[in-house]
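Numbering (this note's numbering), first residue to last: 44 to 278.
By construction, the Cβ of each residue, glycine as well, lies at the ideal position given by its N, Cα and C atoms.
Quantities reported herein were computed from a predicted structural model and do not represent experimental measurements.
Heads up, the thing below is written out as structure tokens.
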Amino acid sequence: MRSASPFGTPGVQRTARPTVGAARVGAVFSDNGSGGHFCTASIVDSPGDSVILTAAHCVHGGKGGHESTDLMFVPGYRDGDAPYGEWPITHVVVDKRWVRHSDPNYDVAFADVATVHGRRVGDVFGGNKLGYDRGYRLRVQITGYPASTEQPITCGNDTTRFSAGQLRIECTGFPGGTSGSPWVTDLDRETHIGTVVGVIGGYQTGGATPDVSYSPYFGNGVLDLYRTAVRDEQH
44 MRSASPFGTP GVQRTARPTV GAARVGAVFS DNGSGGHFCT ASIVDSPGDS VILTAAHCVH
104 GGKGGHESTD LMFVPGYRDG DAPYGEWPIT HVVVDKRWVR HSDPNYDVAF ADVATVHGRR
164 VGDVFGGNKL GYDRGYRLRV QITGYPASTE QPITCGNDTT RFSAGQLRIE CTGFPGGTSG
224 SPWVTDLDRE THIGTVVGVI GGYQTGGATP DVSYSPYFGN GVLDLYRTAV RDEQH
């Protein structure tokens with residue numbers, strides 16, 4: 044018999060407990076926080092402790108669209124509370140292939156967030172490491188914020204290859220609002236730090252049904268985006 048998984052029953056979502064790991068994931072709000080939350084993002088480890096990761100379609104409209112403004116990242120958001128502060132998004136980094144063609148294989152974005160009261164968002168609990176070229180079959184945990192609820196949900200399962208540029212996972216009940224949710228593998232049970240290898244996004248902007256989700260494959264293109272975000276945060 045397989046030992047109990049920290050992810051719970053594979054493929055079945057549940058309410059995420061308010062753990063350190065869950066605090067690295069947050070809801071993305073419009074209108075400087077006065078609007079509703081519509082996407083999910085997470086803190087990524089970076090030298091300047093101010094980089095977050097989400098789906099490109101959460102922050103840029105793609106072909107014919109434009110960059111979204113007045114966005115707010117709220118890590119650990121739960122039931123109307125912002126226990127770790129509200130962090131304005133100051134700059135986004137999106138692949139030109141998403142901007143020009145809405146290419147689903149590049150539906151990934153990094154963003155820099157402002158320093159608030161002398162603190163950086165990575166000072167809260169640190170960030171997950173960025174993983175790339177890790178292959179198509181991984182056990183991951185996904186945590187995100189449905190737009191219709193005020194608590195995060197989480198689910199763990201194995202990913203599979205959907206195409207050369209896309210991963211696929213079966214996790215029940217991940218509707219609108221969970222776009223940008225991180226796919227985290229190699230999760231340390233003590234530090235709750237893992238390696239993020241995907242986000243809900245990509246094919247059908249993450250999936251046409253709430254029970255099957257997709258992610259762009261994280262390769263060198265995503266690494267280049269991350270390096271750009273790191274350079275930007277240091278200026």
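Return the chain-ordered list of same chain residues with a C-beta closer than 6 angstroms to the C-beta of residue i, the five sequence neighbours on each side being excluded.
| i | result |
| --- | --- |
| alanine 154 | Ile95, Ile132, Val135 |
| aspartate 88 | Gly170, Lys172 |
| arginine 45 | Confidence is the limiting factor: at arginine 45 the pLDDT is only 33, short of 50, which leaves the residue's position unreliable, though a coordinate-based value still follows. Taken in chain order, the list of residues that qualify is empty. |
| arginine 204 | Tyr179 |
| glycine 219 | Ala190 |
| proline 253 | Gly216, Phe217, Pro218 |
| glycine 128 | Val159 |
| isoleucine 243 | Thr221, Ser222, Ser224, Gly249, Ser256 |
Taking only the alpha-carbon atoms, compute the straight-line gap between residue i and residue j and give it to the nearest angstrom.
| i | j | result |
| --- | --- | --- |
| lysine 106 | glycine 245 | 14 angstroms |
| valine 151 | tryptophan 141 | 8 angstroms |
| alanine 99 | asparagine 148 | 10 angstroms |
| lysine 172 | glycine 108 | 30 angstroms |
| glycine 69 | threonine 221 | 10 angstroms |
| leucine 210 | valine 255 | 11 angstroms |
| tyrosine 120 | proline 126 | 7 angstroms |
| glutamate 233 | alanine 65 | 13 angstroms |
| threonine 192 | alanine 84 | 16 angstroms |
| arginine 60 | glycine 208 | 32 angstroms |
| methionine 115 | isoleucine 212 | 28 angstroms |
| threonine 271 | arginine 57 | 35 angstroms |
| lysine 139 | leucine 268 | 10 angstroms |
| aspartate 74 | arginine 177 | 36 angstroms |
| glycine 241 | glycine 104 | 20 angstroms |
| serine 258 | glycine 249 | 6 angstroms |
| aspartate 122 | isoleucine 86 | 20 angstroms |
| glycine 20 | leucine 230 | Past the boundaries of the shown model lies residue 20; the chain is included only from 44 to 278, so the question cannot be answered. |
| aspartate 92 | threonine 52 | 33 angstroms |
| leucine 266 | glycine 223 | 17 angstroms |
| alanine 157 | arginine 163 | 7 angstroms |
| glycine 187 | valine 273 | 24 angstroms |
| cysteine 214 | aspartate 166 | 31 angstroms |
| valine 239 | threonine 228 | 6 angstroms |
| tyrosine 260 | threonine 97 | 14 angstroms |
Any heavy atom of the ligand MG closer than 8 angstroms to the CB of residue i?
| i | result |
| --- | --- |
| glutamine 277 | The model depicted lacks the ligand MG and carries no ligand whatsoever. |
So is residue i buried or exposed if we call it buried at 16+ other beta carbons inside 10 Å?
| i | result |
| --- | --- |
| valine 159 | exposed |
| serine 77 | exposed |
| alanine 251 | exposed |
| proline 90 | exposed |
| serine 263 | First, the amino acid is wrong: residue 263 is asparagine here, not serine. Classification for asparagine 263: exposed. |
| serine 112 | Before going on, a small fix: residue 112 reads as threonine here, not serine. Looking at its Cβ environment, which holds fewer than 16 other Cβ atoms inside 10 Å, threonine 112 is exposed. |
| glycine 79 | exposed |
| arginine 67 | buried |
| aspartate 161 | Note on identity: in this sequence residue 161 is glycine, with aspartate being the wrong assignment. When all chains shown are included, glycine 161 counts as exposed. |
| glutamine 194 | exposed |
| glutamine 184 | buried |
On the DSSP letters alone, give me the boundaries of the alpha helix (DSSP H) that residue i sits inside.
| i | result |
| --- | --- |
| glycine 165 | 165-168 |
Go through its chain and collect everything with a Cβ distance to residue i's Cβ below 7 angstroms, but skip five positions before and after it.
| i | result |
| --- | --- |
| aspartate 144 | Checking the displayed sequence, the identity of residue 144 turns out to be histidine instead of aspartate. Lys106, listed in sequence order. |
| glutamate 110 | Val102, His103, Val135 |
| aspartate 275 | His134, Val136, Asp155 |
So that I know if they touch, is there some Cβ in chain D lying closer than 9 angstroms to that of residue i?
| i | result |
| --- | --- |
| arginine 162 | Within the model displayed, chain D is absent; a lone protein chain is all it includes. |
Considering only residues of the same chain and omitting the five flanking positions on each side of residue i, which have a CB-CB separation below 8 angstroms?
| i | result |
| --- | --- |
| glutamine 247 | Pro147, Tyr257 |
Enumerate, from N- to C-terminal direction, the unbroken beta strand (DSSP E) stretches of 3 or more residues contained entirely within the segment 180-268.
Fully contained in the segment 180-268 are the following beta strand (DSSP E) runs of length 3 or more, in chain order: 182-187, 196-201, 203-206, 209-213, 225-228, 238-242, 255-259.
To test your reading of the DSSP string, which unbroken beta strand (DSSP E) runs of 3 or more residues are found completely within the segment 63-116?
Runs of the beta strand (DSSP E) inside the segment 63-116: 68-72, 80-87, 94-97.
Runs of alpha helix (DSSP H) lying entirely within the segment 120-162, each at least 4 residues, in chain order
List check, alpha helix (DSSP H) in window: 139-144.
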